[in-house]
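Quick notes on the structure that follows.
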Amino acid sequence: EPMLLDSLSVVWQSPPPDSLDFTKDLPVEVGDRFSITDLEAGRDTIRRRLRNHGYPSEIVLRNFDTRPSEHRANVEYIIYPGPKTWISAINIPTPLPVNTGRAARINPNRVREVLGVKEGDLYNEGALEKAERGLFDTEAFRYVGITPDTTTLKGSPDSSTIDIDIALTSRMRFRAGCKGNRCAIDD
4 EPMLLDSLSV VWQSPPPDSL DFTKDLPVEV GDRFSITDLE AGRDTIRRRL RNHGYPSEIV
64 LRNFDTRPSE HRANVEYIIY PGPKTWISAI NIPTPLPVNT GRAARINPNR VREVLGVKEG
124 DLYNEGALEK AERGLFDTEA FRYVGITPDT TTLKGSPDSS TIDIDIALTS RMRFRAGCKG
184 NRCAIDD
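Under the working numbering, the sequence shown is numbered contiguously, ending at residue 190.
What follows is the structure, given as structure tokens:
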């Protein structure tokens with residue numbers, strides 16, 4: 004006989020006003036077969052929803068108790084959302100050129116224009132990932148990294164700001180030319 008989920012509870016420490024939105028339609032519910040994989044999927048779902056709605060410093064704990072003789076388990080998620088957070092600064096250094104003997108060809112202001120995320124926006128991990136993919140898809144960069152700088156998290160328990168760091172490495176571009184029987188490739 005399989006072990007079934009007998010109860011599922013969510014405990015919020017300082018719940019945000021929209022806390023129910025983060026925990027509805029989880030991939031685990033009462034009556035399901037007990038599975039650590041499903042419990043982790045539930046935790047990941049809550050974490051992702053929080054990070055996509057302004058809570059980059061969330062902590063989601065999961066606890067469970069099993070009663071093997073009864074084939075039952077109880078699950079509890081404990082959620083510490085942290086402060087709601089907005090982007091205060093986006094740090095875009097001049098992209099590193101592939102050839103160190105040349106100047107970078109990409110202007111950081113142009114990167115900022117195509118980023119799709121700006122200072123003052125509510126922190127959204129999904130939007131940052133989309134921005135990272137979008138920059139990489141331009142084929143102007145060999146490497147794109149977008150990360151929140153958690154050392155810059157500041158503000159009150161209700162409202163905070165965080166800086167975003169962007170790391171870029173330019174892609175090598177080639178130019179080929181021939182004159183007579185001599186050909187050259189230049190970046």
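We put the beta carbon where it would ideally sit given N, CA and C, even for glycine.
Nonlocal neighbours in the same chain, by C-beta distance under 7 Å from residue i, ignoring five residues either side
i, result
"residue 147", "135, 138, 139, 171"
"residue 25", "49, 52, 53"
Opening and closing residue of the beta strand (DSSP E) in which residue i lies
i, result
"residue 143", "Counting along the chain, residue 143 falls outside any beta strand (DSSP E), and DSSP gives it neither H nor E."
Residue environment, residue i, which counts as buried when at least 16 other CB atoms sit within 10 Å
i, result
"residue 45", "buried"
"residue 87", "buried"
"residue 123", "exposed"
"residue 59", "buried"
"residue 163", "buried"
"residue 62", "exposed"
Local conformation of residue i per DSSP, three classes
i, result
"residue 61", "coil"
"residue 7", "strand"
"residue 27", "coil"
"residue 158", "strand"
"residue 151", "strand"
"residue 39", "helix"
"residue 88", "strand"
"residue 108", "coil"
"residue 79", "strand"
"residue 69", "strand"
"residue 163", "strand"
"residue 93", "strand"
"residue 22", "helix"
"residue 124", "coil"
Neighbourhood of residue i by C-beta distance below 6 Å, restricted to the same chain and skipping five residues each side
i, result
"residue 150", "168"
"residue 98", "107, 109, 171, 173"
"residue 79", "12, 66"
"residue 152", "166, 168"
"residue 118", "134"
"residue 130", "120"
Enclosing alpha helix (DSSP H) for residue i [first to last residue]
i, result
"residue 117", "111 to 118"
Proximal residues to residue i (C-beta, below 8 Å), its chain only, five neighbours per side dropped
i, result
"residue 161", "86, 87"
"residue 76", "6, 7, 8, 9, 37, 67, 68, 69, 70"
"residue 142", "174"
"residue 127", "54, 55, 56, 57, 120"
Chain D within 8 Å of residue i, Cβ atoms only
i, result
"residue 21", "Chain labels in this structure do not include chain D; a single protein chain is all it has."
Cβ-heavy atom distance, residue i to the ligand NAD, below 7 Å
i, result
"residue 45", "In terms of ligand content, the structure shown is empty, and the ligand NAD therefore cannot be addressed."
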